[in-house]
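S.K.: Quick one: the structure is below, questions incoming.
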Amino acid sequence: MNKIICKSRQEAARVGALIIARQIWDKPDSVLGLATGGTPVGMYAILAEMYRAGDLDFSRVTTFNLDEYYPISRENEQSYDYFMWKNLFSHINIDKSRVNLPDGGAADPLAACAEYERKIKAAGGIDLQLLGIGHNGHIAFNEPAQELSLRTGVITLTEQTIKANARFFASDEDVPKKAVSMGIGSILQARKILMLAFGEDKAPAVKKMFSGAVTTQCPATMLALHPDVTAVLDEASASML
Ligand code: GLP
Numbered sequence: 000m001n002k003i004i005c006k007s008r009q010e011a012a013r014v015g016a017l018i019i020a021r022q023i024w025d026k027p028d029s030v031l032g033l034a035t036g037g038t039p040v041g042m043y044a045i046l047a048e049m050y051r052a053g054d055l056d057f058s059r060v061t062t063f064n065l066d067e068y069y070p071i072s073r074e075n076e077q078s079y080d081y082f083m084w085k086n087l088f089s090h091i092n093i094d095k096s097r098v099n100l101p102d103g104g105a106a107d108p109l110a111a112c113a114e115y116e117r118k119i120k121a122a123g124g125i126d127l128q129l130l131g132i133g134h135n136g137h138i139a140f141n142e143p144a145q146e147l148s149l150r151t152g153v154i155t156l157t158e159q160t161i162k163a164n165a166r167f168f169a170s171d172e173d174v175p176k177k178a179v180s181m182g183i184g185s186i187l188q189a190r191k192i193l194m195l196a197f198g199e200d201k202a203p204a205v206k207k208m209f210s211g212a213v214t215t216q217c218p219a220t221m222l223a224l225h226p227d228v229t230a231v232l233d234e235a236s237a238s239m240l
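Quick note, the sequence shown lines up with residues 0 to 240 if you use numbering that gives the first Met the number 0.
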């Protein structure tokens, strides 16, 4: 795993944006795996700025998001669908028909998960997958457990994750208890992975990720199995390395 340690999260967001931009410059019809959470927001703003400046063209880019709450409607302001349009898609020239997120409102979630996997495959697989990391080392919504799902599936969120995400909702009770998430296998199949982690509170999870051991109790450690991962960190999240 390569790591780039930046002075601040602003600088790290810029480095992350340049890695994504380079992917699009090299391959204008790239398939990007995208992430939500507080971490990528600054980087998405920089990508939007680069689009406005005429430096980036998203018209041929296809996106697949990592995860979505379940159940939740796309119109719900806390849905990841809403988040992506608010923070990125409505500011760039992405073709709506090339935007994909797991369906948090599917009547048959398992069938929808299988269809999501099929769509990723049909698009040629993910060229560059963006990831954040949870305090417990989760990636997407793959929570620490004895076994991890290989493929996109329905996940029961841990109390810690519900609490961490409650800041976006009115209260803990309003956070959906489940999610639909790409599996560890789906993530590891991406050709390249870009991990962003910022802040002192992420330092213990980042330390574990770089520990050299692989354990399902810290899903991010699975990234050690991938040949092309770059972690862009700020000094705070790298402080325990
Ligand atoms: C959520 C998302 C993850 C994200 C994590 C960290 O649980 N499902 O994809 O990486 O939170 O979020 P934040 O960036 O807000 O710390």
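Even glycine gets a Cβ: it sits at the ideal position worked out from N, Cα and C.
Report all residues from its chain with a CB closer than 7 Å to the CB of Ala-12; omit the five preceding and five following residues, and keep chain order.
M.R.: If we look at Ala-12 and ignore the five residues flanking it on each side, its Cβ neighbours are Gly-41, Met-42 and Ile-45.
S.K.: So is the beta-carbon of Asp-66 under 6 Å away from any non-hydrogen atom of ligand 1?
M.R.: Under cutoff, so the answer is yes.
S.K.: Note down, one range per segment and in chain order, each alpha helix (DSSP H) of at least 4 residues found wholly within the segment 74–105.
M.R.: As far as the segment 74–105 is concerned, its whole alpha helix (DSSP H) runs of at least 4 residues are 79–86.
S.K.: Output needed for Ala-219: all residues of its chain with C-beta closer than 6 Å, excluding positions within five of it in sequence on either side, in chain order.
M.R.: If we look at Ala-219 and ignore the five residues flanking it on each side, its Cβ neighbours are Ile-132, Gly-136, Ile-138 and Met-208.
S.K.: In chain order, what residues of the same chain have a beta carbon less than 6 Å from the beta carbon of Ile-71, not counting five sequence neighbours either side?
M.R.: The answer, listed in chain order, is Ser-78, Gly-103 and Pro-175.
S.K.: Kindly indicate the opening and closing residues of the alpha helix (DSSP H) around Met-49.
M.R.: First-last of the alpha helix (DSSP H) with Met-49: 40–51.
S.K.: Compute the Euclidean distance between the alpha carbons of Gln-128 and Ala-189, then round it to the nearest angstrom.
M.R.: Rounded to the nearest angstrom, the two C-alpha atoms are 6 Å apart.
S.K.: Going by the C-beta, is Thr-38 closer than 6 Å to any heavy atom of ligand 1?
M.R.: Because some heavy atom of ligand 1 lies under 6 Å away, the Cβ of Thr-38 counts as near it: yes.
S.K.: Checking the sheet assignment: what are the DSSP bridge partners for Met-194?
M.R.: Bridge partners of Met-194: Leu-130 and Ala-230.
S.K.: Given 6 Å as the limit, tell me if Gly-15 has its C-beta closer than that to any heavy atom belonging to ligand 1.
M.R.: No, ligand 1 has no heavy atom inside 6 Å of this Cβ.
S.K.: Would the segment 84–92 and the segment 138–147 be scored as touching if the rule is three or more Cβ pairs under 8 Å?
M.R.: These segments do not touch.
S.K.: Mapping the DSSP letters down to three states, classify Lys-177 as helix, strand or coil.
M.R.: The answer is strand: DSSP assigns Lys-177 an E or B state.
S.K.: Rounded to whole angstroms, what is the Cα-Cα separation between Thr-61 and Leu-31?
M.R.: If you take the alpha carbons of Thr-61 and Leu-31, they lie about 6 Å apart.
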